[in-house]
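Chains as they are written, first to last, in this note's numbering: chain A, 12 to 286; chain B, 92 to 324. Glycine included, C-beta positions come from ideal geometry on N, C-alpha and C.
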């Protein structure tokens, strides 16, 4: 069985536990043994943009060292934000001077050697390939019309984008292979409002309203995301009168398609799954 | 002089206490070396046995950039050591009612929001004289895993060295104490046998035997004690 080293991140151990459970079971059903890093720390949550803020890279790079200690060359993430922060820090230490300074600071750890590729679930599934996904998709998604919502952190900046930052189709490819009918809608690459959910929920409601409206107008029965913060906002920060579209994690939809988890009753009802 | 007529020289080392050089006998602990040098310690000293956490201290060694942290009562002096008196690390313990707080991340973060300032620099872990994985405990607190925090910090002495060194200014030992209390109050498995026994006591199951013991004379009690059942070794 192929081994996959996995970085959960805080959200997956707290609000997004369902996402983790569904995804890991599905990934195992695809023939991979998932090994969670035995020790890990917060990814850093938001990538530090200050040029001189070396300290903020220590945490993310320490996680890369933990993966290196496990002999891993790839580190799987399910959270879009963890993916963004970890892969940008991995880019940051491609600069030898940055790497030298980080390693000098972390004198209690082995040096990071720069050989870990951070991989988000959507990339991993795309690399598994549509044929293999289609073969494993039983019962499949039975033509469910799904709008894939990307948000920001999987697509920006373009150096770490999982696909074309403005015209991504990587999730649509996965969903199609699993038997869904992907629905493209222009707002799929817009920001959900992110952490303004705490300080300015009204700003987030405006964003969420236009995203859901756009998805519904283009015919989506279900919106799928791969980010715990987008997931929270799309569900909990809806404006009055927003379309009643259900929102699910990509990993959950994967689990439904592979049959490792049944489609929840309320979603089956709303979307009228054709059984 | 150890033996009569044989003069032996005690090996001496030089240590620097607050910048001043002192010659002290090798083998002393930092705490005893300070007292040997004439400091009278009324704070920053407690059990002298490595349990109370009062004598937290920091030191440097010649030719080494690291700032070491340890308990003064447990660390032998070495030649050339730079020492300092470090009475305590101030930190505010936030008030809470244990019966009203939930055993989760919201409780820890609402009382100690500075937890979220952790950048995973690991300086706390390097400072811990108990060799605890302090940063892992901060990270567990951040993701609301109170049970893990309680487990990782079980041996914490509240010496405050992590708290002194933390660039995020987290008051670790108060967070750990709160986590262990939450764990004990809400998460640890309940002792069912204790509940049953208390119930039996309330129902008077042992009352007759207790009354009989209370009615015995001192002499009769002594005899009874001698004849008691002792578990085989």
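Going by the CB atoms, is the gap between residue j and residue i shorter than 8 Å?
{"i": "residue 199 (chain B)", "j": "residue 232 (chain B)", "result": "yes"}
{"i": "residue 132 (chain A)", "j": "residue 261 (chain A)", "result": "yes"}
{"i": "residue 278 (chain A)", "j": "residue 253 (chain A)", "result": "no"}
{"i": "residue 147 (chain A)", "j": "residue 35 (chain A)", "result": "no"}
{"i": "residue 113 (chain A)", "j": "residue 69 (chain A)", "result": "yes"}
{"i": "residue 220 (chain B)", "j": "residue 174 (chain B)", "result": "no"}
{"i": "residue 199 (chain A)", "j": "residue 160 (chain A)", "result": "yes"}
{"i": "residue 212 (chain A)", "j": "residue 184 (chain A)", "result": "no"}
{"i": "residue 269 (chain B)", "j": "residue 150 (chain B)", "result": "no"}
{"i": "residue 52 (chain A)", "j": "residue 292 (chain B)", "result": "no"}
{"i": "residue 27 (chain A)", "j": "residue 271 (chain A)", "result": "no"}
{"i": "residue 80 (chain A)", "j": "residue 213 (chain B)", "result": "no"}
{"i": "residue 263 (chain A)", "j": "residue 29 (chain A)", "result": "yes"}
Taking the alpha carbon of residue i as the reference point, which residue from the options has its own alpha carbon closest?
{"i": "residue 223 (chain B)", "options": "B:264, B:208, B:235, B:204", "result": "B:264"}
{"i": "residue 109 (chain A)", "options": "A:125, A:95, A:120", "result": "A:125"}
{"i": "residue 243 (chain A)", "options": "A:228, A:250, A:205, A:270", "result": "A:205"}
{"i": "residue 120 (chain B)", "options": "B:300, B:273, B:170, B:221", "result": "B:170"}
{"i": "residue 156 (chain A)", "options": "A:138, A:97, A:230", "result": "A:230"}
{"i": "residue 135 (chain A)", "options": "A:88, A:25, A:198", "result": "A:88"}
{"i": "residue 135 (chain B)", "options": "B:178, B:167, B:159", "result": "B:178"}
{"i": "residue 124 (chain B)", "options": "B:167, B:249, B:322, B:158", "result": "B:167"}
{"i": "residue 217 (chain B)", "options": "B:182, B:159, B:298", "result": "B:159"}
{"i": "residue 223 (chain A)", "options": "A:195, A:106, A:255", "result": "A:255"}
{"i": "residue 202 (chain A)", "options": "A:192, A:175, A:238", "result": "A:238"}
{"i": "residue 190 (chain A)", "options": "A:161, A:145, A:160", "result": "A:145"}
{"i": "residue 64 (chain A)", "options": "A:103, A:21, A:195", "result": "A:103"}
{"i": "residue 174 (chain A)", "options": "A:137, A:149, A:195, A:212", "result": "A:137"}
{"i": "residue 150 (chain A)", "options": "A:267, A:17, A:210", "result": "A:267"}
{"i": "residue 165 (chain A)", "options": "A:240, A:76, A:62", "result": "A:240"}
Which value, in whole angstroms, describes the spacing of the CA atoms of residue i and residue j?
{"i": "residue 40 (chain A)", "j": "residue 262 (chain B)", "result": "44 Å"}
{"i": "residue 141 (chain B)", "j": "residue 165 (chain B)", "result": "6 Å"}
{"i": "residue 243 (chain B)", "j": "residue 279 (chain B)", "result": "14 Å"}
{"i": "residue 148 (chain B)", "j": "residue 203 (chain B)", "result": "25 Å"}
{"i": "residue 276 (chain B)", "j": "residue 253 (chain B)", "result": "26 Å"}
{"i": "residue 249 (chain A)", "j": "residue 57 (chain A)", "result": "24 Å"}
{"i": "residue 78 (chain A)", "j": "residue 105 (chain B)", "result": "44 Å"}
{"i": "residue 206 (chain B)", "j": "residue 218 (chain A)", "result": "30 Å"}
{"i": "residue 265 (chain A)", "j": "residue 91 (chain A)", "result": "17 Å"}
{"i": "residue 144 (chain B)", "j": "residue 256 (chain B)", "result": "16 Å"}
{"i": "residue 234 (chain A)", "j": "residue 246 (chain A)", "result": "10 Å"}
{"i": "residue 94 (chain A)", "j": "residue 15 (chain A)", "result": "15 Å"}
{"i": "residue 186 (chain A)", "j": "residue 195 (chain B)", "result": "36 Å"}
{"i": "residue 101 (chain A)", "j": "residue 260 (chain B)", "result": "27 Å"}
{"i": "residue 110 (chain B)", "j": "residue 122 (chain A)", "result": "35 Å"}
{"i": "residue 311 (chain B)", "j": "residue 303 (chain B)", "result": "11 Å"}
{"i": "residue 153 (chain A)", "j": "residue 275 (chain A)", "result": "15 Å"}
{"i": "residue 227 (chain A)", "j": "residue 267 (chain B)", "result": "48 Å"}
{"i": "residue 97 (chain A)", "j": "residue 126 (chain B)", "result": "50 Å"}
{"i": "residue 251 (chain B)", "j": "residue 225 (chain A)", "result": "54 Å"}
{"i": "residue 127 (chain A)", "j": "residue 156 (chain B)", "result": "30 Å"}
{"i": "residue 183 (chain B)", "j": "residue 238 (chain B)", "result": "23 Å"}
{"i": "residue 92 (chain B)", "j": "residue 116 (chain B)", "result": "The pLDDT assigned to residue 92 (chain B) is 47, lower than 50, so where the model puts this residue is not dependable; a value taken from the coordinates is nonetheless given after this. Using only the alpha carbons, I get a separation of about 14 Å."}
{"i": "residue 286 (chain A)", "j": "residue 168 (chain A)", "result": "Here residue 286 (chain A) scores only 45 on pLDDT, less than 50, and its place in the model should not be relied on; the value that follows carries that caveat. Computed Cα separation, rounded: 41 Å."}
{"i": "residue 66 (chain A)", "j": "residue 99 (chain A)", "result": "14 Å"}
{"i": "residue 54 (chain A)", "j": "residue 274 (chain B)", "result": "26 Å"}
{"i": "residue 130 (chain B)", "j": "residue 118 (chain B)", "result": "18 Å"}
{"i": "residue 216 (chain A)", "j": "residue 31 (chain A)", "result": "26 Å"}
{"i": "residue 105 (chain A)", "j": "residue 62 (chain A)", "result": "15 Å"}
Give a single yes or no on whether residue i has its beta carbon closer than 7 Å to a heavy atom of the ligand ADP.
{"i": "residue 306 (chain B)", "result": "In the structure on display, the ligand ADP does not appear, and there are no ligands present to speak of."}
Give the DSSP bridge partners of residue i, in chain order.
{"i": "residue 128 (chain A)", "result": "A:85"}
{"i": "residue 314 (chain B)", "result": "Bridge partners of residue 314 (chain B): none, in fact."}
{"i": "residue 18 (chain A)", "result": "A:88"}
{"i": "residue 161 (chain B)", "result": "B:148"}
{"i": "residue 112 (chain B)", "result": "B:107"}
{"i": "residue 158 (chain A)", "result": "A:194, A:234"}
{"i": "residue 44 (chain A)", "result": "A:14"}
{"i": "residue 259 (chain A)", "result": "A:235"}
{"i": "residue 120 (chain B)", "result": "B:167"}
{"i": "residue 174 (chain B)", "result": "B:108, B:150"}
* Asked: Which residues, taken in chain order from the stretch 201-213 of chain B, show a beta carbon closer than 9 Å to some beta carbon of chain A?
  -> 207, 209, 210, 211, 212, 213
* **Contact residues within the stretch 222-235 of chain B, judged by C-beta distance below 7 Å to chain A** => 226, 227, 230, 233, 234, 235
* Asked: When you check each C-beta in the stretch 47-59 of chain A against every C-beta of chain B, which residues fall closer than 8 Å?
  -> 50, 51, 52, 53, 55
* **Short-range partners of chain A found in the stretch 135-157 of chain B, where Cβ spacing is below 7 Å** => none
* Compile a chain-ordered list of the residues in the stretch 68-87 of chain A whose CB is closer than 7 Å to at least one CB of chain B. => 69, 70, 73
* With 8 Å as the C-beta to C-beta threshold (strictly closer), list the residues of the stretch 133-166 of chain A near chain B in chain order. => none
* Give, in chain order, every residue of the stretch 19-37 of chain A whose Cβ lies closer than 7 Å to some Cβ of chain B. => 21, 24, 25
* chain B contacts from the stretch 102-119 of chain A (Cβ-Cβ distance under 9 Å) -> 116, 117, 118, 119
* Identify each residue in the stretch 264-297 of chain B for which the Cβ-Cβ distance to at least one residue of chain A is less than 8 Å, and report them in chain order. => none
* Asked: Closer than 8 Å, Cβ to any Cβ of chain A: which residues of the stretch 165-193 of chain B, in chain order?
  -> none
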